[in-house]
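In the numbering used here, the protein residues as written are 425 to 790.
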């Protein structure tokens, strides 16, 4: 009997068989620890950490990258922070030896999005985000996943991946580092044109979020809903999932994998700009951005990456001035880099930088 796409996805994920605790201090356990799970491929996966919560007391917090990566293959519940060690340990024990089975990835607790995670990796590439430029649009089309990103997928030579776009999803075969059979349906649904820019985020085990930008660098809008619905267990009467999701977005504007503000919705002013030499001094924004009523009269914009903010002047459709120069220098931007700018509710522009080899770049403050 042929396996379903969901069964093939689950079959490609290893089980977790043992836990490991790494104390921050050998002499004082109250300093906290990091907790890992070991899978059947003998890989260590960080699952949580503990931090001081008063004298001789610890708070246990799940690793949100772990939650987002495995919530469609393991039943992880909806509580991701604990004050009691026994409750936290019971949660970890529940995961150990649990067989991966497909869990609908769209319905998740809003509590999963209220804990921000800090990364300290220095300037480096990150496998969560990569770019693809649409070439031919006729005939059989595929998307190549960069070699650097492939090493993080832990997939067999042939597997099945989920491609999310708003509240829609497609099952696409992943073969030898390419999204192949089924990608033509994605391309047709998104009416892809030559030189469209595809921003793809690895958001879970063989799960990808897709964002499409046209030749002018502006995000393309589609007729289906752009919001990923979530479900709150035992929600009170009148509880609104989209409002809760929006509230969570404001509390954690960016997380490691990927920024929640991307997943929540599309935005008419989100843009992808391939940097030219002149842009390093004064960057011209896309025409759709310049002509939007939302930016009329604006004289400056805040550029945000994680907790750092730069204020750039905005004049004649260009980001310029001392703040822009400082932003360029801090991120060591260069010709050919791609700068993704995603506005939040206050029109702060959250930045994501893709380097020459099509990977997201991380910086020391990430």
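Every residue gets a Cβ at the ideal spot worked out from N, C-alpha and C, and that includes glycine.
Assigned secondary structure, residue 730 (DSSP; H/G/I helix, E/B strand, else coil): coil
Residue from 769, 768, 752 and 771 whose Cα sits closest to the Cα of residue 762: 752
Buried versus exposed call for residue 600 [16 or more other C-beta atoms within 10 Å across all chains shown]: With fewer than 16 Cβ atoms within 10 Å of its Cβ, residue 600 is classed as exposed.
Cβ-based burial, residue 588 [other Cβ within 10 Å; buried from 16]: The Cβ neighbour count for residue 588, taken over all protein chains shown within 10 Å, is at least 16; the residue is labelled buried.
Residue 502, DSSP secondary structure in three states: coil
Cross-strand partners of residue 738 (DSSP beta bridge): Residue pairing from DSSP places residue 738 in a beta bridge opposite 743.
Nonlocal neighbours in the same chain, by C-beta distance under 7 Å from residue 448, ignoring five residues either side: 455, 456 and 457
Any 3 or more C-beta pairs closer than 8 Å across the stretch 768 to 777 and the stretch 720 to 736: Counting Cβ pairs under 8 Å, three or more are found: they touch.
Per-residue burial, residue 484 [other beta carbons within 10 Å of its own, 16 or more giving buried]: buried
Secondary structure of residue 493, DSSP reduced to three states: helix
Other residues of its chain near residue 748: CB distance less than 6 Å, five sequence neighbours each side excluded: 736
Residue closest to residue 507, alpha-carbon to alpha-carbon, out of 477, 750, 610 and 493: Closest option to residue 507, Cα to Cα, is 477.
Helix, strand or coil at residue 633 [DSSP, three-state]: Strand.
Residue from 445, 612, 593 and 465 with nearest C-alpha to residue 473: If we check each option's Cα against that of residue 473, 445 comes out closest.
Where the alpha helix (DSSP H) through residue 433 begins and ends: That run of the alpha helix (DSSP H) goes 429 to 435.
Closer than 9 Å to chain D by CB, residue 502: No chain D is part of this structure, which consists of one protein chain only.
Residue 555 beta carbon less than 9 Å from that of residue 468: no
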